[in-house]
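Below is one structure, written out as C-alpha cells; the observations come after it.
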Amino acid sequence: MWHVCCMVYSMRGWDWLRRGSRRWVWWKEELWWGTIILTAGITLALFGGVRKHPMDQNNVPVRGDIHVIIVGNPGLGKSQLLQAAAAVSPRGIFVFGNATTKDGLTVAVVKDSMTSDYAFEAGAMVLADSGLCCIDELDKMSIEHQDLLKAMEQQRVSIAKAGLVASLSSRTFVLAAANPACGHYKENEGPIRKKVIWLRKVIKPIVCDHCQIPLRVDQTLYGSS
C-alpha cells in the first residue's frame, strides 16, 4: 500500500493510475466523458486503505476501506461502472437497492424445512467480506438502512434471532450509485452540489459514511437549452 501511495503522489504515479483505471472502463469514452478522476478514485478504493488500531484504552479499530457513492443523471453509465468494478474485484457482489432487503444486505436467519433447525444465510455485505459490494439504485432502497450503516462503519454484522447469536465480518467497501430525486439535474435550480439535499430523505446517514461523493451531469441537457 505504501508503494501505491508513493506512485499516486507523483506525476508518474498519476499517469500509471489513469492508464490502469481506463483498462477496466470498457464502454465508449464519449458516453462517459471526463471519468478519469472518478475511475481513478474507484481504483484507489479497490486497493483499499489501512486499518488503524489506536493505542488508547478503548483500542477500537478504525476502518480503512473507502466507501463511494456516485450521484448522477440516468443514462450516464453508472450501472456499467459498478458492474465493471465488481468484475475486476477478487470478490465482488452486485445488488440492486430496490430489489433487496436489509436481511439481503446483511444476514438472515432461515429455517430448514426438513430438520426445523435455524441457520444463518449471509447477505451481500457478508459475502463481499475482504472485497467489494456494489449497490445500484441506492436512492430506491428501503428506509431501513441502520443495519447497513453499522456494517459499513463497524465492518461487522451482529445478529441475535431464534436463539442464535453471532457476529460476522463485513470488511468490504461499498460502491453505490443513485439518481437525483427529480430524475435529472436542472441548470436553473442552483449549484449542482445543492442537489445532494435529496439524500436526506433516504440515505442522509449513509452519506456521512462515504468518503467520496462524485456527481455526474449530462452536459447535453445544458447544451440544448
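In the UniProt record's numbering, the protein residues as written are 1 to 225. Idealized CB from N, CA, C, for every residue including glycine.
Coarse secondary structure for residue i, derived from DSSP in three states
i, result
"A177", "strand"
"Q126", "Here residue 126 is Val; the residue named in the question, Gln, does not match the sequence. Helix."
"E29", "Caution is warranted here: a pLDDT of 44 is assigned to E29, below 50, making its placement in the model unreliable, and the coordinate value is therefore given only provisionally. It is coil, neither helix nor strand."
"V88", "helix"
"G72", "strand"
"D139", "helix"
"S21", "Confidence in S21 is poor, its pLDDT being 49 and thus under 50, which makes the residue's placement unreliable; the coordinate value appears in the next sentence. Helix at S21."
"A162", "coil"
"S169", "strand"
"I66", "coil"
Chain B contact for residue i (CB, 7 Å cutoff)
i, result
"V109", "Note that chain B does not occur in the displayed structure, where there is just one protein chain."
Test item: CB-CB of residue i and residue j under 7 Å
i, j, result
"residue 239", "A85", "Given a span of 1 to 225 for the chain in the structure shown, any question on residue 239 remains unanswerable."
"I69", "G97", "no"
"D65", "T106", "no"
"A124", "V157", "no"
"S167", "G131", "no"
"V67", "M152", "According to the sequence shown, residue 67 is His rather than Val. Yes, Cβ-Cβ distance for H67 and M152 is below 7 Å."
"L175", "L82", "yes"
Exposed unless 16 or more other CB atoms sit within 10 angstroms - verdict on residue i
i, result
"R51", "exposed"
"K161", "exposed"
"G92", "buried"
"G72", "buried"
"G163", "exposed"
"S170", "buried"
"T43", "buried"
"G41", "buried"
"G77", "buried"
"I197", "Low per-residue confidence applies at I197: pLDDT is 48, beneath 50, and the placement is therefore not dependable enough to give any value."
"V110", "exposed"
"R39", "Here residue 39 is Thr; the residue named in the question, Arg, does not match the sequence. Burial call: buried."
Top-ranked residue by Cα proximity to residue i, from the options
i, options, result
"F173", "I159, A122, R63", "R63"
"L127", "Q155, D112, S113, P74", "Q155"
"D103", "E121, L149, L81", "E121"
"P180", "T115, A87, G75", "G75"
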